[in-house]
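**Student:** Sharing a structure with you now.
There are 2 protein chains.
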Amino acid sequence: MKNASLGTINTQYFKFSELVLESGKKISPVQVAYETYGTLNDNKTNAILITHAFSGDAHVAGVKEGENKPGWWDIMIGPGKAFDTDKYFVICSNVIGGCGGTTGPSSIDPKTSRPYGLNFPMITIADMVNVQKHLIDFLGIDKLLCVSGGSMGGMQVLQWVNSFPEKIISAIPIATAMKHSPQQIAFDEVGRQAIMADPDWNKGDYYDKTQPERGLSVARMIGHITYMSDKSMEEKFSRKLKEDKAPFSFSADFEVEGYLRHRGDSFVKRFDANSYLYITKAMDHFDLSDGKLIPKDKKVDTRFLVIGFESDWLYPAYQLREIIQCLKIKGIDATYCHIKSHYGHDAFLLEKEEQTKLIKPFLNRVYNAG
Amino acid sequence: MKNASLGTINTQYFKFSELVLESGKKISPVQVAYETYGTLNDNKTNAILITHAFSGDAHVAGVKEGENKPGWWDIMIGPGKAFDTDKYFVICSNVIGGCGGTTGPSSIDPKTSRPYGLNFPMITIADMVNVQKHLIDFLGIDKLLCVSGGSMGGMQVLQWVNSFPEKIISAIPIATAMKHSPQQIAFDEVGRQAIMADPDWNKGDYYDKTQPERGLSVARMIGHITYMSDKSMEEKFSRKLKEDKAPFSFSADFEVEGYLRHRGDSFVKRFDANSYLYITKAMDHFDLSDGKLIPKDKKVDTRFLVIGFESDWLYPAYQLREIIQCLKIKGIDATYCHIKSHYGHDAFLLEKEEQTKLIKPFLNRVYNAG
């Protein structure tokens, strides 16, 4: 599994004194966890920002010291890969509100010297992008060659275009939407309700006690159903019964049940329940529809490659086509590519070859034109 | 709302001494809650059994004494309606394992004089049908003109054909499947996990304490998302924010959130959490696929009208077409009708006109031929 070619990866940390949120509230100080891969060229024209999905973090590629598991998009980032680290300087940071090293509800509130919990202010996708802008400035990068990400990562890509179009040469939003539909909000809401129904949640004040593991695990299970397709579940599990047990009881009879429980259980070890609440709320309130995507007062030269997947019913193709329509109306250079896949929403994390085929020449074109 | 034409409806109760389950275990005694509408004719050829869905009960039509809300399929059953009570004698009973008056986990176990809880044996769809057969025998009915139901009700219809084909002249399974896919099992499993994660569940022993309301409410919310379509949610809620609150917090911002919470909260008042576990397990283990639907040693003359709905993604059209294929291979008189509807799985409870148009002449034909 070790991706020796990227060497050993270390998460780095950058701090700045104060972030003014979209709501007007302030967070200070702010720490940002980030990783970089490849080398920034002398004129700083080869930087690519990767934005992560809901449960992702800064560790997008390579293997960290003492670990075995490669980063969450390692199939796409590395020497010779779609985001070729022999050529480009790739950056990924954990979002504000997260729990992967960037300031979030589990961080210490300097006012109380205790974890923020629900005292952490509500955050938005625009706030996430503003934090990334601080990081880019800190790294001395004036323009990004590309911003790319799937799912909530795609929302950040769209928000970058909206907030700082002059700063990004190209954008690759994948399996995402300009706004959540009521069904998407509903799935998020049930996850939040599952967490808040757990007595261990204790109104978000659990950091010196027990994390609301049962509620968070149920929330994650719901998520996993929406990340897969009917067909990919059929291929993976069929109706197979678990081998190690007598059938027909309330323990997990079917393999699919065991899988979901396992995914729920492993999630609670790495993710903070309050971050689940804050980040899903940020997604649900994100809305760049109705012409809001492209700001009226700014010239947008950003080139777009928009990617969606056949069996993704969480972010269905019509939502990606709406993005394209919005861009085309403004005369922006944009293409939609629809990839055939059975993997459902997870496809953006799994379909290496098809995505590489599309992304590599696209990046090559924008890099050579730049 | 009052459906005066059916008069005041009373739930009736029938008891028998012992039910031998598919598993070989026994339940004794068994009480069955049922209701009837219309009049059984002298030669008892006009009886129709309606089988209910997961959370349904015996109260399918009309209004009970002292209540205002009509039964769950009142749009379809009554004088002049699809199941015309001026012509037919309609029966509906609560399933074994349920909590609507038929013996289930909340009933008193005569061995302990306490509610069964998890001492209630696992039950199957075939067990539900066997209980209905006891009821039909008790009512002195030799043959049913028709068995009809949607969702889990449709599974019971299919099980009737499998268990007692000689007893049913026609069958109308609606929005159902011969077996649950892994995705359907997964949604049920997350609901069960939400209930079992609630400390109030207490391994099913909560009847003298508090019902696991929070877990059961979350389970119901998940269900409601799967009963609606992306489009029906869009039409009903759009992204409207609730009027009575300041936006952007962890209380319900969006109307869809308020709706789900309300549906969850009202469900816990009328449904037993252990029944949720037992009945969903019965659905998940139901499997009449791979030619099992039609028993090899029996002649099946039953005529089928199979109905599915365009936007039903919980029981998609391909599952209904699989039923038809299975019937046609055996040379059975069967038709599939696919109704255009935005209502998702809920369509079978809402689409009065389209279903009536199909069911009324179908019943007329089988009644006149009989």
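So the sequence lines, in the order shown, correspond to chains D and X. So for the first sequence, our numbering puts the first residue at 1; every next one is plus one. So for the second sequence, our numbering puts the first residue at 1001; every next one is plus one. For glycine and all other residues, C-beta sits at the position ideal for the given N, C-alpha and C. Small disclaimer: the values here were computed from a predicted structure and weren't measured.
For chain X, is any of its Cβ atoms less than 8 Å away from the one on L350/D?
**Tutor:** Chain X, which has no Cβ nearer than 8 Å to the Cβ of L350/D, makes this no.
**Student:** From I1222/X to A1194/X, what distance separates their C-alpha atoms?
**Tutor:** Cα to Cα, I1222/X sits roughly 10 Å from A1194/X.
**Student:** Report all residues from its chain with a CB closer than 8 Å to the CB of Q31/D; omit the five preceding and five following residues, and keep chain order.
**Tutor:** Excluding sequence neighbours, Q31/D sits near Y13, F14, K15, G101, T102, T103, S107.
**Student:** Where are the alpha helix (DSSP H) runs, 4 residues long or more, that stay fully inside the stretch 1226-1269 of chain X, in chain order?
**Tutor:** You should have 1230-1237, 1255-1268.
**Student:** Does E1189/X pass the burial test, meaning 16 or more other C-beta atoms within 10 Å, or should it be called exposed?
**Tutor:** So E1189/X ends up on the buried side.
**Student:** Indicate the three-state DSSP secondary structure (helix, strand or coil) for A317/D in the structure shown.
**Tutor:** Here A317/D sits in helix by DSSP.
**Student:** Would a check of beta-carbon distances place V218/D closer than 8 Å to chain X?
**Tutor:** Chain X, which has a Cβ nearer than 8 Å to the Cβ of V218/D, makes this yes.
**Student:** Are any of the Cβ atoms in chain D nearer than 8 Å to that of M1155/X?
**Tutor:** Not closer than 8 Å to any Cβ of chain D, the Cβ of M1155/X fails to qualify, so no.
**Student:** Rounding to the nearest angstrom, what Cα-Cα distance links R1365/X and L1305/X in this structure?
**Tutor:** Those two C-alpha atoms are separated by around 12 Å.
**Student:** Compile a chain-ordered list of the residues in the stretch 1257-1274 of chain X whose CB is closer than 8 Å to at least one CB of chain D.
**Tutor:** Correct list: E1257, L1260, R1261, G1264.
**Student:** Would A1369/X be called buried (16 or more neighbouring beta carbons within 10 Å of its own) or exposed?
**Tutor:** The residue in question, A1369/X, is exposed, as its Cβ has fewer than 16 Cβ neighbours within 10 Å.
**Student:** Checking contacts by CB at 8 Å: is G331/D closer than that to chain X?
**Tutor:** Judged by the 8 Å Cβ criterion, G331/D is not in contact with chain X.
**Student:** Could you have a look at E1035/X and say whether DSSP puts it in helix, strand or coil?
**Tutor:** The answer is strand: DSSP assigns E1035/X an E or B state.
**Student:** Along the chain, which unbroken stretches of the beta strand (DSSP E) at least 3 residues long are found entirely within the stretch 284-340 of chain D?
**Tutor:** The stretch 284-340 of chain D contains these whole beta strand (DSSP E) runs: 303-309, 334-339.
**Student:** So, is E65/D buried or exposed, given that buried needs 16 or more other C-beta atoms within 10 angstroms?
**Tutor:** It counts as exposed.
**Student:** Checking 8 Å against the spacing of the C-beta atoms, do P165/D and K298/D come in under that value?
**Tutor:** Closer than 8 Å, so yes.
**Student:** What's the gap between the Cα of S289/D and the Cα of K179/D?
**Tutor:** Cα-Cα distance, rounded: 6 Å.
**Student:** Measure from the C-beta of R1321/X to each C-beta in chain D and report whether the shortest distance is under 8 Å.
**Tutor:** Cβ-Cβ to chain D under 8 Å: no for R1321/X.
**Student:** Is any beta-carbon of chain D found at less than 8 Å from that of V1020/X?
**Tutor:** Not one chain D Cβ lies under 8 Å of V1020/X.
**Student:** Apart from the five residues just before and just after G56/D, which ones in its own chain have a Cβ nearer than 6 Å to its Cβ?
**Tutor:** Within the same chain, G56/D has close Cβ partners W72.
**Student:** Measuring alpha carbon to alpha carbon, tell me which of I1125/X, L1358/X, F1120/X, V1063/X ends up nearest G1204/X.
**Tutor:** That would be F1120/X, whose Cα lies nearest to the Cα of G1204/X.
**Student:** Roughly how many whole angstroms lie between the Cα atoms of G1098/X and N10/D?
**Tutor:** Approximately 56 Å, taken between the alpha carbons.
**Student:** At a Cβ threshold of 8 Å, is Q1211/X touching chain D?
**Tutor:** It does not; no Cβ of chain D falls within 8 Å.
**Student:** By how many angstroms is the C-alpha of L6/D removed from the C-alpha of G62/D?
**Tutor:** In a straight line, the C-alpha of G62/D is about 6 Å away from that of L6/D.
**Student:** By Cβ distance, which residues of its chain are closer than 8 Å to D159/D, with the 5 residues on each side in sequence left out?
**Tutor:** The sequence as given places Gln at residue 159/D; Asp does not occur at that position. Result list for Q159/D: I125, A126, M128, V129, F286, L288, in chain order.
**Student:** Go through its chain and collect everything with a Cβ distance to S1163/X's Cβ below 8 Å, but skip five positions before and after it.
**Tutor:** So the qualifying residues of the chain are A1126, V1129, N1130, K1133.
**Student:** In terms of alpha-carbon separation, which member of A177/D, T210/D, L349/D lies closest to I324/D?
**Tutor:** Of the listed residues, the one whose Cα sits closest to I324/D is A177/D.
**Student:** So is F1309/X in contact with chain C if we call contact Cβ pairs under 8 Å?
**Tutor:** Absent from the structure is chain C; the protein chains it does hold are D and X.
**Student:** Checking contacts by CB at 8 Å: is G1215/X closer than that to chain D?
**Tutor:** So yes, G1215/X belongs to the interface.
**Student:** Please return the same chain residues whose Cβ sits closer than 8 Å to the Cβ of D86/D, not counting the five positions on each side in sequence.
**Tutor:** Cβ neighbours of D86/D beyond the five flanking positions: G38, P79, G80.
**Student:** At 7 Å on the CB atoms, spell out the chain X contacts of I222/D, in chain order.
**Tutor:** Chain X residues near I222/D: V1190, I1222.
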